[in-house]
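One point on numbering: in numbering that gives the first Met the number 0, the residue at position 25 of the sequence shown is 24, and numbering is uninterrupted.
Beta carbons: idealized from backbone N, C-alpha and C, even for Gly.
Here is the structure we will look at, set down as C-alpha cells.
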Amino acid sequence: MVQIRVMTDDRERGERVVEILLPLLEACTALQAGEPTRLTHRGGGLRLVLDVQPADGVTGVRVEREDVPARPPRAPRRRALPRGGG
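The structure is reproduced here in C-alpha cells:
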C-alpha cells in the first residue's frame, strides 16, 4: 500500500496544501487515489492519509498548465526599408 500523508502542526497551512493537492490527484489519470482519512492530532494541527496506486494501463502523463494564458504568435520582424535617394 502506498500512502500520501499530510502532517503538520499548522492546521491552516495543512488545509491549504490539501485544497491544492486533492484536485491535482483527482485530475491525474496516472493515479487512483482513495478517500482521504483524517486522523486526530492532539495539538490542533492536521494529519491526513490518502491511499494512492498507479492506474491500470497508463503508460505516460501529459501536463498542461491552465493558469497561464497562451501567448499569441508573434509576427516575424521586418527590416526597415532603405532610405529613398531622391
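In the three-state reduction of the DSSP assignment, A32 falls in the strand class, which pools E and B. In the DSSP assignment, P22 falls within the alpha helix (DSSP H) that extends over R10 to A26. Per DSSP, L49 is one residue of the beta strand (DSSP E) stretching across L45 to P53. In this structure, D8 and G44 form a Cβ contact; the two beta carbons are roughly 4 Å apart against a cut-off of 8 Å. Between the stretch 72-82 and the stretch 22-33 there are fewer than three C-beta pairs closer than 8 Å, too few to call the two in contact. Around the C-beta of L38, fewer than 16 other C-beta atoms lie within 10 Å, and the residue is accordingly described as exposed.
Residue range V1 to T7 is occupied by the beta strand (DSSP E) that includes M6.
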